[in-house]
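The sequence shown begins at 335 in my numbering and counts up one residue at a time.
A short write-up of the structure that comes next.
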Amino acid sequence: MHMMFADESGDPGYPRKGTWKGWGGSTHFARVGVIIHGWRWKAWHDRLTSFKRNRGLTWDAEIRASDIRRGKGAFVGWDQNRRQFFMSELMTLVGGNTDITLLGVAIDKRLVDTAKGERLVKPEVRSLELLLERYNFFLHDQTDRSGIVILDPTKEKSDDNLRHFQSFLLAQSPHLSPRHIVEGTFFAKSHTSNLMQIADVCTNVFYREIVRGAKTDEFKAIWKRFWRRKGRLKGYGIKKWP
């Protein structure tokens, strides 16, 4: 069975008066799924644990993109060059590991028709739907076609809604047929899951690339891990919406 660890970046809100200029929130919302087969999970977990220890962190140190960039959490006392080098090496580790596959969904909220129904307006909901569709496509092409979804339970009420929404999609969506995703969503707190931590960092790197288009070395390192179907990346490994 495959496992997809998914995280998000950006806020789901819209400016009250519809004016984006000067608004303090984000213009985009992104969600990334990090896929690995269950048989390979233990080897990757051990690899990342060794990666942490070899760079002066404890085995249970939580890797968060915001902490790396700001020198907080496990990275307190690290200067910027050391933190940047850590980020670069981490993304190189992910990018060079063929056991990992990435899926990315990016929503430009400025282009969303907010007069539509809730399912199409809320980026946290729409991004999950689009990510699940791509995951199901991915699973259909694998020898082992079954998979589960794992989210970070940062907002209990929101996650309950997403769990219900996923169950609805699996039962009703024509884009998820034949169905390969196991019903329901599982949750793993970031500090207890190495793969959820990788999802956090990859989502941050993907989000910054979508918003800034900077072609950073971080993104270049993981770009080849985004899934391609018959050589096609657009619409499969990376989906931009609307």
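C-beta atoms are modelled at their ideal positions from N, C-alpha and C, and glycine is treated no differently.
Close beta carbons around residue i, own chain, < 8 Å, minus the five adjacent residues each side
i	result
residue 562	570 and 571
residue 454	446, 447 and 460
residue 558	429
residue 417	402, 403, 405 and 409
residue 476	336
residue 412	405 and 420
residue 349	357 and 359
residue 548	542
Local conformation of residue i per DSSP, three classes
i	result
residue 371	strand
residue 543	helix
residue 493	No answer about residue 493 holds up, because its pLDDT of 49 lies below 50 and its placement is not dependable.
residue 397	coil
residue 529	helix
residue 549	coil
residue 481	strand
residue 563	strand
residue 557	helix
residue 406	coil
residue 365	strand
residue 379	helix
residue 341	strand
residue 351	coil
residue 574	strand
Cβ-Cβ separation, residue j to residue i (assumed contact under 8 Å), whole Å
i	j	result
residue 378	residue 341	Not a contact, Cβ separation roughly 16 Å.
residue 573	residue 439	5 Å
residue 423	residue 407	In fact, because the Cβ distance is near 18 Å, the residues do not count as touching under 8 Å.
residue 478	residue 335	7 Å
residue 426	residue 555	5 Å
CB of residue i within 8 Å of CB of residue j, strictly
i	j	result
residue 441	residue 354	no
residue 387	residue 534	no
residue 337	residue 373	no
residue 443	residue 362	yes
residue 544	residue 466	no
residue 436	residue 553	no
residue 469	residue 451	no
Beta-carbon proximity list for residue i, same chain, < 6 Å, skipping 5 on both sides
i	result
residue 339	368, 484, 529, 530 and 533
residue 611	With the chain covering 335 to 576 only, the question about residue 611 has no answer from this structure.
residue 358	none
residue 391	408
residue 565	none
Beta-carbon proximity list for residue i, same chain, < 7 Å, skipping 5 on both sides
i	result
residue 360	344 and 345
residue 491	Because the pLDDT at residue 491 is just 47, under 50, the model does not fix this residue reliably, and the point stays unresolved.
residue 551	422
Could you give the uninterrupted runs of the beta strand (DSSP E) lying entirely in the segment 413 to 475, keeping only those of 3 residues or more?
Contiguous beta strand (DSSP E) elements confined to the segment 413 to 475 occur at 435 to 442, taking only those with 3 or more residues.
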